[in-house]
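Take a look at the structure below.
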Ligand code: AMP
Ligand code: MG
């Protein structure tokens with residue numbers, strides 16, 4: 143069933159949706175980062191349906207979503223001082239913390255790890271669904287595993303309709319990129335997956351932060367990855383993608399035009415200001431954002447990757463952003479989109 147709550151949360155429909163969650167069914171719902179495909183996190187059969195619907199590898203654990211900080215103690219234990227500080231500073235928000243798991247959390251939620259990932263979304267609809275369902279909700283991004291995450295219902299309806307019991311439309315996701323995932327190791331926060339909560343923000347709040355080496359490096363086969371989701375090809379359309387970045391925009395434009403001559407029939411995802419300087423047909427240039435607006439870039443990138451995929455090109459050339467602040471998160475995703483086919487000039 144499709145429910146349109148872009149203007150208002152309908153209370154009758156909210157009851158129906160929450161009953162579905164309570165009864166072990168799957169519901170797609172909006173959050174401020176990306177859409178989630180959710181199930182009762184304490185019901186392992188319900189959680190199993192998520193893995194099936196997404197075609198998600200069973201060794202990739204799920205994030206458990208809660209509506210109140212007091213719910214953390216129901217699923218996690220032995221919370222340290224540093225963990226508490228991070229929770230109090232960044233929740234609710236686009237921030238996930240890996241904590242020691244309590245026994246009540248089913249094994250498949252944590253993919254057999256002794257930890258559980260916890261997030262408290264800052265989105266009215268997500269909060270209402272979690273609150274009135276009365277259970278924590280396990281929810282990975284709403285997309286078939288490996289595809290770009292869903293940031294609007296239009297993008298994912300075809301892909302997931304029929305695999306879930308309800309889809310709740312809350313409009314376009316505010317942030318457009320998945321949460322920052324942090325694990326505290328020896329009282330130091332380690333960023334396993336960068337997101338809207340930046341390393342600078344964490345450092346400013348708690349004094350120190352480490353960025354895990356897998357954030358930019360290609361994980362080697364058989365090495366241990368702290369956040370299992372990071373080892374797969376991810377966030378990717380079917381068309382091959384290539385990523386470019388240059389500090390000097392002349393170099394970037396020169397390189398993209400060179401690539402266009404090599405591969406004919408390309409789509410370019412680039413900045414609004416570069417459109418007139420890049421030699422592709424009008425319809426094959428997708429303006430992701432203005433040059434310095436990385437918030438706008440993040441908001442649009444998954445939708446634009448899907449749009450580009452529908453143009454049946456040989457290759458999608460992507461203008462990347464500087465790897466700093468929130469740009470770290472954007473480049474972390476795009477490196478996986480491009481399977482590390484990246485050139486920095
Ligand atoms: P998504 O599927 O887009 O919701 O992404 C969830 C991310 O969180 C994936 O990269 C997971 O591997 C990661 N994650 C979830 N639970 C854990 C955990 N217990 N330890 C480490 N990473 C986790
Ligand atoms: Mg995902």
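Numbering (the numbering used here), first residue to last: 143 to 487. The C-beta atom is built at its ideal place from N, Cα and C for all residues, glycine as well.
query = At which residues does the alpha helix (DSSP H) containing residue 446 begin and terminate?
reply = Taking the chain shown and counting its residues from 1, the one referred to as residue 446 is at position 304. 436 to 451 is the span of the alpha helix (DSSP H), which, as asked, contains residue 446.
query = Going by the C-beta, is residue 239 closer than 6 angstroms to any heavy atom of ligand 1?
reply = Position 97 of the chain shown, counted from the start, is the residue given in the question as residue 239. No, the Cβ of residue 239 stays beyond 6 angstroms of every heavy atom of ligand 1.
ask   = Is residue 335 closer than 7 angstroms to residue 348 when the C-beta atoms are compared?
value = Here the question's residue 348 lines up with position 206 in the chain shown. Here the question's residue 335 lines up with position 193 in the chain shown. Not a contact, by the Cβ cut-off of 7 angstroms.
request  = Determine the extent of the beta strand (DSSP E) in which residue 331 is found, giving its start and end residues.
outcome  = Locating residue 331 in the chain shown gives position 189, counting from the first residue. Its beta strand (DSSP E) spans residues 330 to 335.
query = What are the start and end residues of the alpha helix (DSSP H) that includes residue 311?
reply = Locating residue 311 in the chain shown gives position 169, where the first residue counts as 1. Counting along the chain, residue 311 sits inside no alpha helix (DSSP H); it lies in the beta strand (DSSP E) bounded by residues 308 to 311.
For residue 402 and residue 421, believed in contact at Cβ under 8 angstroms, the rounded distance = On the chain shown, position 279 is the one that residue 421 refers to. On the chain shown, position 260 is the one that residue 402 refers to. Residue 402 and residue 421 do touch by the CB rule: their CB atoms are close to 6 angstroms apart, below 8 angstroms.
ask   = Alpha carbon to alpha carbon, how far is residue 213 from residue 299?
value = Taking the chain shown and counting its residues from 1, the one referred to as residue 213 is at position 71. Taking the chain shown and counting its residues from 1, the one referred to as residue 299 is at position 157. Linking residue 213 to residue 299 through their CA atoms gives a straight-line distance of about 31 angstroms.
query = Residues bridged to residue 241 by DSSP?
reply = In the chain shown, the residue the question calls residue 241 occupies position 99. As computed with DSSP, residue 241 is found in a beta bridge with 258.
inquiry  = Any heavy atom of ligand 1 inside 6 angstroms of the beta-carbon of residue 282?
reply    = Position 140 of the chain shown, counted from the first residue, corresponds to residue 282. Yes.
key: the region 267 to 284 in contact with the region 199 to 211 per 3-pair CB rule at 8 angstroms   = Touching, yes.
message = Looking only at its chain, what residues have a beta carbon closer than 6 angstroms to the beta carbon of residue 247, apart from the 5 residues adjacent to it on each side?
response = As a first step, residue 247 is located in the chain shown; it is residue number 105 there, counting from the start. So the qualifying residues of the chain are 217, 258.
query = Heavy atom of ligand 2 less than 6 angstroms from the Cβ of residue 291, yes or no?
reply = Translated into positions along the chain shown, residue 291 becomes position 149. Residue 291 Cβ: within cutoff of ligand 2.
task = Would you kindly check if the distance between the Cβ of residue 449 and the Cβ of residue 436 is under 7 angstroms?
result = Taking the first residue of the chain shown as 1, we reach residue 436 at position 294. Taking the first residue of the chain shown as 1, we reach residue 449 at position 307. No, these two residues do not count as a Cβ contact at 7 angstroms.
query = Can we count residue 255 as close to ligand 4, meaning its CB is less than 6 angstroms from some heavy atom?
reply = In the structure shown, ligand 4 is absent; the only ligands present are ligand 1 and ligand 2.
ask   = Leaving out five residues before and five after residue 423 in sequence, what residues of the same chain have Cβ atoms less than 6 angstroms from its Cβ?
value = Numbered from its first residue, the chain shown carries residue 423 at position 281. None.
request  = Measure from the alpha carbon of residue 190 to the alpha carbon of each residue in 467, 282, 475, then state which is nearest.
outcome  = As a first step, residue 190 must be located in the chain shown, where it is residue number 48. The option with the nearest alpha carbon to residue 190 is 282.
ask   = Can you tell me whether DSSP reads residue 177 as helix, strand or coil?
value = The residue given as residue 177 occupies position 35 in the chain shown. Here residue 177 sits in coil by DSSP.
Residue 322 - partner residues in DSSP beta bridges = Counting from one through the chain shown, the residue named residue 322 turns up at place 180. Looking at the DSSP assignment, residue 322 forms a beta bridge with 237.
query = Do you know how far the Cα of residue 346 is from the Cα of residue 251?
reply = Counting from one through the chain shown, the residue named residue 251 turns up at place 109. Counting from one through the chain shown, the residue named residue 346 turns up at place 204. Roughly 32 angstroms separates the two Cα atoms.
message = I need the DSSP call for residue 423, collapsed to helix, strand or coil.
response = Here residue 423 corresponds to residue number 281 of the chain shown, with the count starting at 1. The answer is coil: DSSP assigns residue 423 none of H, G, I, E or B.
key: Range covered by the beta strand (DSSP E) that runs through residue 146   = Position 4 of the chain shown, counting from 1, holds the residue named residue 146. Boundaries of the beta strand (DSSP E) harbouring residue 146: 144 to 146, taken from the DSSP string.
inquiry  = Since residue 310 and residue 147 should fall inside the 8 angstroms C-beta cutoff, what is the C-beta to C-beta distance between them, to a whole number of angstroms?
reply    = Start at 1 with the first residue of the chain shown, and residue 310 comes out as number 168. Start at 1 with the first residue of the chain shown, and residue 147 comes out as number 5. So it is a contact: roughly 6 angstroms between Cβ atoms.
key: Rounded Cβ spacing between residue 353 and residue 338 (contact assumed at less than 8 angstroms)   = For the purposes of this step, residue 353 is taken as the residue at position 211 of the chain shown. For the purposes of this step, residue 338 is taken as the residue at position 196 of the chain shown. Not quite, the Cβ-Cβ distance comes to about 15 angstroms (not below 8 angstroms), so this is no contact.
message = Nearer than 6 angstroms: is that true of the beta carbon of residue 192 relative to any heavy atom of ligand 1?
response = Here residue 192 refers to the residue found at position 50 of the chain shown. Answer for residue 192: no, Cβ out of range of ligand 1.
Any non-hydrogen atom of ligand 1 closer than 6 angstroms to residue 260 Cβ = Along the chain shown, read from residue 1 onward, the residue named residue 260 stands at position 118. For ligand 1, no non-hydrogen atom lies closer than 6 angstroms to the CB of residue 260.
query = Mind checking whether the beta-carbon of residue 252 lies closer than 6 angstroms to any heavy atom of ligand 1?
reply = Looking up residue 252 in the chain shown gives position 110. Yes; taking the cut-off as 6 angstroms, the Cβ of residue 252 has a heavy atom of ligand 1 nearer than that.
query = Does the separation of the CB atoms of residue 202 and residue 371 fall below 7 angstroms?
reply = As a working mapping, residue 202 is identified with position 60 in the chain shown. As a working mapping, residue 371 is identified with position 229 in the chain shown. When the beta-carbon positions are compared, residue 202 and residue 371 come within less than 7 angstroms of each other.
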